[in-house]
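These notes are about the structure you will find just below.
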Amino acid sequence: MESLAFLAAALRISVPYALAAIGATYSERSGVINIGLEGMMLNGALGYTLAAWPTGSPWAGLAGALAAGALTAALHAWITVHLRADQITSGLGINLLAAGLTKFVLNAVFHSSSHSERVAGFEPIAALESLPALGPVLGAPLLWIAVAMVLIAHRVLFDTVFGLRLRSMGEHPQAGASLGLSVARYRWAGVLISGLFAGLAGAWLASEQQSFTDGMTAGRGYIAMAAMIVGKWNPIGAAAACLLFGAAEALQIALQGSAFPSELLQMLPYLVTMLALAGFIGRAQAPRALGTPFDPEKA
């Protein structure tokens, strides 16, 4: 039972990482670095809360999360694709903006600097919730949405014309432009898709906790970026890496109260991330045009 409980914790923790990592894969495959995942997730969590609170509906909350993630991504796309600004600087700016904006809205709407009112979460799937140990996780509807999204994202990216064209914008945008394709349109699409996935990740966090708390993403966007690199810019590979990071965080929780120093336990998920990156950077091949703005006049 203890091993099943550990697996359940790892699955629960890895879901928002996996969703955000898939989003990052789409953005970076189109040629746009998306450091702003953290801010998109945070805005998505707030969007879920703001929509679910007055309506009492988690599905309304999900719509709010997707809208918030997409709007934040649209800002990043406008800055990086339209204005051709530095992509890393834009992403960091998005994260700082989201941190300040969510705190402001939290104060304005809920009159609190730390947390919102309690909001509705998703009703579990009854047939699965009763399973021992794994039931609470397997019964979560968003878990199955996440699993479906991993498979669909992989299929779309590698087995459709849209996916082929999107990937070409991250490898050789000049070639796509020479065929009459709009590089800007596909890069916008990649960034917006990443915002939708980040919003979905934020919805998971807010629905599981049934509230919004200041800074609740706690660096998950950056870990999702690391998982994407470890997964070699592949949705299935990124999801597998997220399971590894989820297991590391679950182990940290399981070891609390043991003889291990608490400071070392708090470092564990980030240490695993750094070690994984150290092993994969240099061997994982990023899209060749990643981070390079495209100027159609110079194509």
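According to mature numbering (1 follows the signal peptide of the UniProt record, and there is no 0), the residues represented by the sequence shown are -20 to -1, 1 to 279, in order.
Glycine included, each C-beta is placed from N, C-alpha and C at the ideal position.
Since we're looking at a predicted model, the values are computed, not measured.
With 16 other CB atoms within 10 Å as the buried threshold, where does residue i fall?
i: THR69; result: exposed
i: ILE132; result: exposed
i: ASN14; result: buried
i: MET(-20); result: Low per-residue confidence applies at MET(-20): pLDDT is 48, beneath 50, and the placement is therefore not dependable, though the value from the model is reported in the following sentence. With fewer than 16 other Cβ atoms within 10 Å, it is exposed.
i: GLN265; result: exposed
i: PRO153; result: buried
i: THR82; result: buried
i: MET247; result: exposed
i: ASP275; result: exposed
i: VAL99; result: buried
i: GLU277; result: exposed
i: ALA106; result: exposed
i: ALA230; result: buried
i: LEU172; result: buried
i: ALA181; result: buried
i: ALA120; result: buried
Do the CB positions of residue i and residue j come within less than 8 Å of each other?
i: ARG200; j: TYR(-4); result: yes
i: PRO38; j: SER187; result: yes
i: LEU236; j: GLY101; result: Checking the sequence, you will find Gln at residue 236 rather than Leu. No, the pair does not count as a contact, with Cβ atoms beyond the cut-off.
i: GLY41; j: ALA53; result: no
i: LEU86; j: PHE192; result: yes
i: residue 333; j: ALA198; result: The chain is shown from -20 up to 279; residue 333 falls before or after that span and cannot be answered.
i: TRP213; j: ARG9; result: yes
i: GLY24; j: ALA48; result: yes
i: SER(-7); j: GLY226; result: yes
i: LEU146; j: ALA50; result: no
i: SER148; j: GLY3; result: no
i: ASN75; j: GLY170; result: no
i: PHE(-15); j: ALA234; result: yes
i: residue 349; j: ALA228; result: The requested residue 349 is not part of the displayed model; the chain covers only -20 to 279.
i: THR29; j: SER110; result: no
i: PRO273; j: ARG(-9); result: no
Can you give the beta carbon distance from residue i to residue j, rounded, assuming they're within the 8 Å contact cut?
i: ALA178; j: MET21; result: 5 Å
i: LEU(-2); j: MET196; result: Wrong, their Cβ atoms sit about 15 Å apart, outside the cutoff.
i: ALA(-11); j: LEU223; result: 6 Å
i: GLY11; j: PRO215; result: Wrong, their Cβ atoms sit about 17 Å apart, outside the cutoff.
Secondary structure at residue i, three-state DSSP: helix, strand or coil?
i: ILE(-8); result: helix
i: ALA253; result: The amino acid occupying residue 253 in the given sequence is Thr; Ala does not appear at that position. In the structure shown, THR253 sits in a helix (DSSP, three-state: H, G or I).
i: GLY60; result: A small fix is needed here, since residue 60 is Thr in this sequence, not Gly. THR60 falls in the helix class under three-state DSSP.
i: THR193; result: strand
i: HIS134; result: helix
i: MET(-20); result: Note that MET(-20) scores 48 on pLDDT, short of 50, meaning its location in the model is unreliable and no value can be drawn from it.
Task: Cβ contact check for the region 64 to 78 and the region 118 to 137: 3 or more pairs under 8 Å - done: no
Open item on the list: Below 8 Å, how does it come out for the region 246 to 256 and the region 191 to 208: are there three or more Cβ pairs, yes or no?
Closed with: yes
Task: contact_flag[the region 50 to 64, the region 105 to 125] where n(CB pairs < 8 Å) is 3 or more - done: no
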